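Q: Using numbering that gives the first Met the number 0, the first residue of the sequence shown is number 0, and each one after it goes up by one. Every residue gets a Cβ at the ideal spot worked out from N, C-alpha and C, and that includes glycine. The structure presented is a predicted model; accordingly, all values stated were derived computationally and were not measured. One structure coming up, written as structure tokens, with questions to follow.
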Amino acid sequence: MEKVYKRTIGIKPDAVSGFCPGCMHGTVHKLIGEVVEELGMLDKLVRCEGIGCCGLGQLYVSHDLNISAHGRACAVATGLKRSNPDSLVYTYQGDGDLASIGLAETMSAANRGENITVIFVNNGIYGMTGGQLAPTTLIGMKATTAPQGRQAEEHGYPIHMCEVLNQLTAPVYLERTSCNTPANVRKTKAAIKKAFQNQIDGKGFSMVEIVTSCPTNWGMSELKALDFLEEKMFAEFPLGVVRDKTKEE
Ligand SMILES: Cc1ncc(C[n+]2csc(CCOP(=O)(O)OP(=O)(O)O)c2C)c(N)n1
Ligand code: SF4
């Protein structure tokens with residue numbers, strides 16, 4: 000019988016996901032493995048992972064990796080890529096990691112146009128540490144540090160990282176996707192592939208922001224979290240290409 004699906008070798012063969020039911024971190028890891036396997040670059044792939052549930056990939060991926068101090072993945076990726084230009088370097092970061100404590104590193108790497116690929120998983124909350132307010136938490140959305148819900152006067156507004164980085168000159172490719180439907184999973188895979196291809200072609204800084212759910216810390220069932228994602232998160236974080244300089248060439 001013809002084999003129509005096989006597990007990517009980018010994920011350890013004996014890995015069993017410890018992510019919560021309904022979490023999309025697992026899907027994104029699978030996509031990264033598939034994409035880089037298809038590009039024939041798994042032996043060159045180096046992961047710089049953030050701290051949080053986004054950092055649990057260390058248990059599952061079969062390629063080289065380091066665990067960067069919270070927020071510093073883009074700075075570490077810069078050093079790794081510059082010292083070994085033939086490697087394929089990516090960061091894997093949550094919203095707390097990339098857009099809060101790591102905001103300066105993210106902005107600086109993007110502004111320098113570092114030739115790296117950034118995978119930004121935006122679930123609107125601090126996942127691993129139990130649901131504290133993140134820079135991307137929606138107005139009115141509850142967090143353990145905002146039990147009445149986020150208030151603009153007290154906590155500021157949600158940060159839109161693709162649009163923030165779009166103010167800079169250097170970034171090459173910025174796209175926001177999700178993994179809530181099979182069609183969106185396919186679009187996310189294509190976006191991740193493009194972001195890695197840009198690096199292989201030496202084009203510079205690419206980021207894919209993947210808007211995902213965290214049913215555990217949102218306090219919702221997996222299905223309710225999907226509804227919330229579609230109705231509330233996509234309204235604040237619209238999906239689509241924010242910048243693609245490769246189209247201007
Ligand atoms: C310097 C430092 N500050 C704080 C922490 C505690 N900490 C660990 S994970 C985390 C938040 C992770 O949230 P996010 O980046 O959104 O990733 P997720 O867990 O949602 O994937 C925090 C604050 C830490 N490990 N190091
Ligand atoms: S706490 Fe949230 S981000 Fe972490 S594994 Fe569970 S669902 Fe995913």
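1) Less than 8 angstroms between the CB of residue 206 and some heavy atom of ligand 1, yes or no?
2) Using a Cβ-based criterion (distance less than 8 angstroms to any ligand heavy atom), does residue 52 qualify as near ligand 1?
3) Using CA coordinates, which residue listed in 89, 223 and 33 is at the minimum distance from residue 197?
4) Who pairs with residue 249 in a beta bridge, going by DSSP?
5) Could you check if residue 89 belongs to the surroundings of ligand 1, using beta carbon to heavy atom distance under 8 angstroms?
6) On the three-pair Cβ rule with 8 angstroms, is the stretch 194-212 touching the stretch 126-134?
7) When you compare the CB positions of residue 67 and residue 49, do they come within less than 9 angstroms of one another, or not?
8) Which runs of the beta strand (DSSP E) spanning at least 3 residues fall entirely within the stretch 52-107, listed in chain order?
9) Under a criterion of Cβ closer than 6 angstroms to any non-hydrogen atom of ligand 2, which residues qualify, in chain order?
10) Closer than 8 angstroms: is that where the CB of residue 218 sits relative to any heavy atom of ligand 1?
11) What are the boundary residues of the beta strand (DSSP E) that residue 160 is part of?
12) Pairing CB atoms from the stretch 156-176 with CB atoms from the stretch 5-15, are three or more of them under 8 angstroms?
13) Let's test the definition: count the other Cβ atoms within 10 Å of the Cβ of residue 93 and tell me whether it reaches 16, buried, or not, exposed.
14) Taking 8 angstroms as the cut-off, does the CB of residue 60 come closer than this to any heavy atom belonging to ligand 1?
15) Helix, strand or coil for residue 111, going by three-state DSSP, please let me know.
A: This is what the structure gives:
1) no
2) yes
3) 89
4) A question about residue 249 goes unanswered here, because the residues of the chain that appear run from 0 up to 248.
5) no
6) no
7) yes
8) 63-66 and 87-93
9) 18, 19, 22, 24, 52, 122, 126, 127, 213, 214, 215 and 216
10) no
11) No beta strand (DSSP E) holds residue 160; the alpha helix (DSSP H) holding it covers 160-164.
12) no
13) buried
14) no
15) helix
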